[in-house]
Amino acid sequence: MTHLHIFALNEPITTSHTNLTRQKGETPALPPLSEWLGLDAIDADQIELFPISDLGSMALSDYIQLAFTPEAGIPADEQRRINALEGSVLLVPDDAMTGPLALGPKATLIAAIPLAQPDHSASLPKADVAAPKANTPHTTPEREATPPIALYMLLGIAAFALLAILIGWN
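By my numbering, the letter at position 96 of the sequence shown is numbered 1279, and the numbering carries on one by one without gaps.
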């Protein structure tokens, strides 16, 4: 089972490194997070680091619920601990960590929440797919005939001209 580890950072951080900043192509200089967590390595493409104030009025537990889909929601006692955080937070899924976790003084583990996992146990029937016949010309389904856009433009111009003539004769 994969978990999301929620760390309070005991250092003032103004850097944001989230899925959104990665999509925008931003690559901020990150602090030595592997050292802070005592890990051999950390995959920065899977983590989120940001000041909690970036969430505005949204509770951190609500953000985690929306962004990471915990397996069974976040228990009430953990929600209270998470929502009481101030400063900056580091969200790290198990898959982003290499090596054993050995926290230093710059990070505090607040919670480890189980994440929903895909269920690939379904047994689906095989699709009946026939191989294409050799030397069969490829045909496309016929589309309904629709007038080209130029015809609509021509009709609009003609209507406008007729209206102009009628107005001019008054």
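Ideal placement from N, C-alpha and C gives every residue a C-beta, glycine not left out.
All of these numbers come straight from a predicted model, not from anything done at the bench.
Original post:
Taking DSSP as the reference, what is the three-state secondary structure of Ile1265?
Top reply: helix
Subject >> Leu1292 beta carbon near the ligand FMN (any heavy atom closer than 7 Å) >> reply: In the structure shown, the ligand FMN is absent, as is every other ligand, since no ligand is present at all.
Original post:
If you count every other CB in all the chains shown that lies within 10 Å of the CB of Ile1332, and 16 or more means buried, which is it?
Top reply: exposed
Subject >> Limits of the alpha helix (DSSP H) - the one that Leu1220 falls within >> reply: 1216-1220
Original post:
How about Ile1257 and Ile1296: are their beta carbons less than 8 Å apart?
Top reply: Closer than 8 Å, so yes.
Subject >> Residues of its chain near Ala1212, where Cβ-Cβ distance is below 8 Å and the 5 sequence neighbours each way are ignored >> reply: Thr1198
Original post:
Across which residues does DSSP place Gly1256 in a beta bridge pair?
Top reply: As computed with DSSP, Gly1256 is found in a beta bridge with Glu1254.
**OP:** Answer with buried or exposed for Leu1337, where buried requires no fewer than 16 other C-beta atoms within 10 angstroms of its C-beta.
**Re:** exposed
Original post:
Where do the ends of the beta strand (DSSP E) carrying Leu1292 lie?
Top reply: 1290-1297
Original post:
Roughly how many angstroms separate the alpha carbons of Gly1208 and Leu1243, rounded to a whole number?
Top reply: 24 Å
Original post:
Which residues in the same chain as His1188 place their Cβ atom closer than 7 Å to its Cβ, once the five residues preceding and following it in sequence are excluded?
Top reply: Closer than 7 Å at the Cβ level, and outside the excluded window around His1188, lie Val1275, Leu1292, Ala1295.
Original post:
Just checking my contact of Ala1224 with Thr1281 at CB under 8 Å: how many whole Å lie between their CB atoms?
Top reply: 4 Å
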